[in-house]
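In what follows, a single structure is set out as structure tokens and then discussed.
2 protein chains.
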Amino acid sequence: MAYFRNRIPVLVLPHVPEDLSNDLMEWFSDSRSIFDMLKNIMKLSYLERMQTLLDMPKKARDIFWWPFTQHKIVSEDDITVIDSRYGENFAVFKDQDDKSLNQTFDACASWWTQGPNASLQTELARDMGYAAARFGHVMFPENVYEPALECAELLLGGVGEGWASRVYFSDNGSTAIEIALKMAFRKFCVDIGLVSETSIGDASEKQPELLVLALKGSYHGDTLGAMEAQSPSCYTGFIQQPWYTGRGLFLDPPTVFLHRSVWKLSLPAMIHNKSFAYDKMMFSSRDEIFCKSRDESDLSGIYSLYISQHLSGSMGSKYIGALIIEPVIQGAGGMLMVDPLFQRVLVNECRRRKIPVIFDEVFTGFWRLGTESAAELLGCVPDIACFAKLMTGGMIPLAVTLATNAVFTAFLGDSKLKALLHGHSYTAHATGCTAATKSIKWFKDSQMNPNVIPQGKMLKELWDFELVTQISSHPAVERVISLGTLFALELQTEGSDAGYASMYARALLQMLREDGVYMRPLGNVIYLMCGPCTPPEICYQLLVKLQRNLEEFYRVHARVETSAIVGAK
Amino acid sequence: MAYFRNRIPVLVLPHVPEDLSNDLMEWFSDSRSIFDMLKNIMKLSYLERMQTLLDMPKKARDIFWWPFTQHKIVSEDDITVIDSRYGENFAVFKDQDDKSLNQTFDACASWWTQGPNASLQTELARDMGYAAARFGHVMFPENVYEPALECAELLLGGVGEGWASRVYFSDNGSTAIEIALKMAFRKFCVDIGLVSETSIGDASEKQPELLVLALKGSYHGDTLGAMEAQSPSCYTGFIQQPWYTGRGLFLDPPTVFLHRSVWKLSLPAMIHNKSFAYDKMMFSSRDEIFCKSRDESDLSGIYSLYISQHLSGSMGSKYIGALIIEPVIQGAGGMLMVDPLFQRVLVNECRRRKIPVIFDEVFTGFWRLGTESAAELLGCVPDIACFAKLMTGGMIPLAVTLATNAVFTAFLGDSKLKALLHGHSYTAHATGCTAATKSIKWFKDSQMNPNVIPQGKMLKELWDFELVTQISSHPAVERVISLGTLFALELQTEGSDAGYASMYARALLQMLREDGVYMRPLGNVIYLMCGPCTPPEICYQLLVKLQRNLEEFYRVHARVETSAIVGAK
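Chains as they are written, first to last, in this note's numbering: chain B, 1 to 569; chain L, 570 to 1138.
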């Protein structure tokens, strides 16, 4: 009793008779009250657990304030009670006749961190417990401890290989971006002579205005600095963020997508007008889109011209002090795939102008798109890159900003005021670094992750080609993206059904949840996300379920639309 | 071998002879090679570990980018190698003759999260491992799981008791502040009719400009939104944050401190001029400073007038949309104790004007100042409050923004665009909520934390009154603050020795590190911080060490100063 500190009931049975001929009836009779107690304890414990689970939706609705959630339209029935999670699935408690726990595939995770399989989760739990016990709280500046060092070495030898030489830790993608912007601006200011050793701390003189160059539809986080680097959207309006002004030059990017079985290019209006021939451009395969030989194409020159035109105009006392892009896929913007050729040209144009290049790999990093970093897919490297989300296997917050030595050098000097004065309490916390170390190693190890093609430095194709093609041809579907662990589709919509606040996809997602697949919408874009280790067979089943429910959804929706038209008559 | 998966060497000894008369000499002889192998393995393992620890400073210096650190002035010898931590102490590896591990008291932690004792650390490690294994990654919006619910209930029943009804989770203090500002601004805009249901998402019309009301010397975090809410400082200059503009009305606060054994008041110039009599005001004890009867004093009226004058001027299209303060102690500003009467008057003046009140309790929360929240010490409640740091016992990042129901209601509506669109991937992550639940309960439980005065809802006095008084009278000391788990002193300095970038305190801190106390400076302010459970005897020893080293530091420094004057002659 003392050992378990009253956490576990301890019952003591009478001694079992030693006489082997004893029929134990007397022993059973003597033990009966103990067994009854055990039964009662188990029954009470079960009832208590059920009651706890039953009560949770109401309590949650009363006291939680969920992010990105309009509470007025969430009813108790909409709330998912998660009893536990194992690998890619969680156990959902349903208050139905059987009060059962149902296994549900987590196809979205809390913003796209779907990661470990069951074995890795177990390993992570063990390692995290160890790190917490061995290191507890450790402070980072001017200190070193093994988990932080090992994690930093892995990052520089992995996603930072060939370009990065410094690791700056923080807590989440948004903070990693704010740090990246501070790095880029300093590098830019030093390079073009906007700041000098003597001007440090001198607040008296009028300072120039620095802007970022970014793409429309990009998203870099919810803190103000990260928001300022993204183009105006529903997230940035006065009602959401009264301090947002949009400190950027925001370019419209060309996008690519799968439509009716074919990969197509869509050019923004500004380019479109000038080169009509590219409007209907198609690709023979997804691989062709990433082919480096496109650098020599006419389109490459057209992109270059388009970018130069925007960068060469007079800007008064304003300067473009950084380029920031999400390489290949813009996540929160609606899973948009930007033409990688365009991003490559953009990087080169900025390099020529001494504008530091930031890759926001918070979403795309760590195999999300099939390679460890999306920079590999893009075929060029940044000066600064941000990673978070999947880095710890989705277990625990940790973020890093990687930088080249040239960026780092811009902060060296005799005064502490020239150092980068940004930090959070849990910078490089041991438990997070430990989880990251394990996850980074595991995902890329073909012994542990059967999806990794040995030597190939990439994941095998996870989404069935035939099914993807079929879905892209469905009349309810506007476009499809399938790349690495991501499958996304945009539903065809009109008018008020479009945009972030759209409720159009809700019915379809509800059907899929009933079918054991937990998804969330981005307006009328829905997506399936698996972990880097998820077997392709599971992905196949997910697509089959999606296709089946899409068909049903379309059938009902098409009927409603028809009757609406009838009604309008 | 299979079971340990080659992680642990497995050696097999010959069978021990069963004959009891056997003198085992033959067995020892047969086993010798095995024992030799064991010895070699242990020796190699030891040498490898030593080598790893020896190599760490150089590697760290080569690849880390530490926050708030000027790398140019950090030598390899300055780097602390932390081998492990147990409770309040960490084990530091020193590359000296004995290559020993030395126990060092962590008196600062990574920005003031010093928390658990050894028992709590063990419990936290266990619970965190369990949470990681049971829940892994869980997504929060529209979902519920036990650790998040239990944590939220504890917060509302503890630091939020009597005023808060909603819990918004995020990752660190800075994000919690950005969320708080968004909440406050919305509440303000709705209350005074600046936004309506119809104006949502309408970006076309010219928007009013919202400012915060804040105190000079306050600090709320390193992301841009949090920085905008603080007054200009070395952290906010162009070289650090080119986007900082300072969107606030910043008032100079009156401060209190212990000086030459007496608690004194220092009024800012603006008040000072008008009421000279208060300039030399003294308090009979620290308790008198917090006494609510001061609300009826003349000084209370003077504060009220001073604040009203600042708030009643015409501001054109600008509005004060939020008050944000660190209750009682301004941390990063230099451990300044603001007169609590002034803050109470400030809160009341804002309430009268429908300006929502934010308490930044990231530093002050969870017993840092001797009560679970500093609001208790202040004797008034906010509309919104932010907590982080010590909430998880210093183990893992997690933050919350608590709010009243009236604030929450300002975000209800039919459109998702009216919801608070801010969130991070690891919002309410299960491991963090589990650590918070355990820490919050432990700190306030007098069974677990002997420092808690039962029913008293406060900690006993941890810093010895006599020693504190003596130190405050030392000629090297400008002022002292001792409150709850915090002891801080400002060194007397002149000219270039003052300010954040000052290196003046460095020699003193180096001496204290050699003496087993790890501290960091805030310019010429140094501080000792203990955990809520640290025995007063340990605090006593810390003060003794501080006093001893201060004496030595002063002796050397005074001599240097004298010789410098001689040299100048």
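Idealized CB from N, CA, C, for every residue including glycine. As the structure is a computational prediction, the values presented were derived from the model and not from experiment.
When DSSP labels each residue in this structure, what does residue i get in the three-state scheme?
i, result
"Gly162(B)", "coil"
"Tyr788(L)", "coil"
"Ser644(L)", "coil"
"Met851(L)", "strand"
"Ile302(B)", "helix"
"Glu1120(L)", "helix"
"Ala954(L)", "strand"
"Lys99(B)", "coil"
"Phe935(L)", "coil"
"Phe757(L)", "helix"
"Leu589(L)", "coil"
"Val407(B)", "helix"
"Lys608(L)", "helix"
"Asn143(B)", "strand"
"Tyr426(B)", "coil"
"Asn658(L)", "strand"
"Ser174(B)", "helix"
"Glu579(L)", "Residue 579(L) is actually Val in this sequence, not Glu. If DSSP states are grouped into helix, strand and coil, Val579(L) belongs with coil."
"Phe28(B)", "helix"
"Phe573(L)", "coil"
Report yes if the C-beta of residue i is less than 6 Å from at least one heavy atom of the ligand NAP; otherwise report no.
i, result
"Gly246(B)", "For the ligand NAP, the structure offers nothing, since it holds no ligand at all."
For residue i, is the classification buried or exposed, using 16 other Cβ atoms within 10 angstroms of its Cβ as the cut-off for buried?
i, result
"Phe980(L)", "buried"
"Ser482(B)", "buried"
"Gln672(L)", "exposed"
"Leu613(L)", "exposed"
"His15(B)", "exposed"
"Ser862(L)", "exposed"
"Val195(B)", "buried"
"Glu48(B)", "exposed"
"Thr814(L)", "exposed"
"Tyr168(B)", "buried"
"Arg735(L)", "buried"
"Tyr572(L)", "exposed"
"Phe105(B)", "buried"
"Val556(B)", "exposed"
Quickly, what does DSSP pair residue i with across the bridge? List them, please.
i, result
"Lys751(L)", "According to DSSP, Lys751(L) bridges with nothing at all."
"Pro896(L)", "For Pro896(L), which the question treats as bridged, DSSP gives no partner whatsoever."
"Ile320(B)", "Leu211(B)"
"Phe359(B)", "Ile325(B) and Ala385(B)"
"Ile453(B)", "Met458(B)"
"Ala332(B)", "Note: Ala332(B) sits in no beta bridge, so no partner."
"Ile651(L)", "Val661(L)"
"Thr524(L)", "Absent from the structure is residue 524(L), since the part of chain L shown begins at 570 and ends at 1138."
"Val907(L)", "Thr824(L)"
Runs of beta strand (DSSP E) lying entirely within the region 1028 to 1109 of chain L, each at least 3 residues, in chain order: 1046 to 1052, 1055 to 1060 and 1094 to 1098
Could you run through the region 203 to 229 of chain B and flag, in chain order, every residue whose CB is less than 7 Å away from some CB of chain L? Ala203, Gln207, Leu210, Asp222, Thr223, Leu224, Gly225 and Glu228
With 9 Å as the C-beta to C-beta threshold (strictly closer), list the residues of the region 627 to 649 of chain L near chain B in chain order. Lys628, Ala629, Arg630, Asp631, Ile632, Phe633, Trp634, Trp635, Pro636, Phe637, Thr638, Gln639, His640, Lys641, Ile642, Val643, Asp647, Ile648 and Thr649
Taking only runs that begin and end inside the region 216 to 271 of chain B, name each unbroken alpha helix (DSSP H) of 4 or more residues, in chain order. 224 to 228
Contact list for the region 1081 to 1113 of chain L against chain B, Cβ threshold 7 Å: none
In the region 136 to 148 of chain B, which residues sit with their C-beta less than 9 Å from some C-beta in chain L, listed in chain order? Gly136, His137, Val138, Met139, Phe140, Pro141, Glu142, Asn143, Val144, Tyr145, Glu146 and Ala148
Any residues in the region 103 to 121 of chain B with a beta carbon nearer than 8 Å to a beta carbon of chain L? Which ones, in chain order? Asp106, Cys108, Ala109, Ser110, Trp111, Trp112, Thr113, Gln114, Gly115, Pro116 and Gln121
Tell me the start and end of each unbroken beta strand (DSSP E) in the region 100 to 135 of chain B that is at least 3 residues and wholly inside, in chain order. 101 to 106
May I ask you to list, following chain order, the residues of the region 1009 to 1023 of chain L that have a beta carbon less than 7 Å from some beta carbon of chain B? none
Relative to chain L, which residues along the region 414 to 444 of chain B have a C-beta separation below 9 Å, given in chain order? Asp414, Ser415, Lys416, Leu417, Lys418, Ala419, Leu420, Leu421, His422, Gly423, His424, Ser425, Tyr426, Thr427, Ala428, His429, Ala430, Thr431, Gly432 and Ala435
Would you list, in chain order, the members of the region 594 to 622 of chain L that have their beta-carbon closer than 9 Å to a beta-carbon of chain B? Thr621 and Leu622
Using a Cβ cut-off of 8 Å, which residues of the region 916 to 949 of chain L contact any Cβ in chain B, in chain order? none
Against chain D: residues of the region 869 to 903 of chain L by CB proximity under 9 Å: The question asks about chain D, but that chain is absent: this structure's protein chains are B and L.
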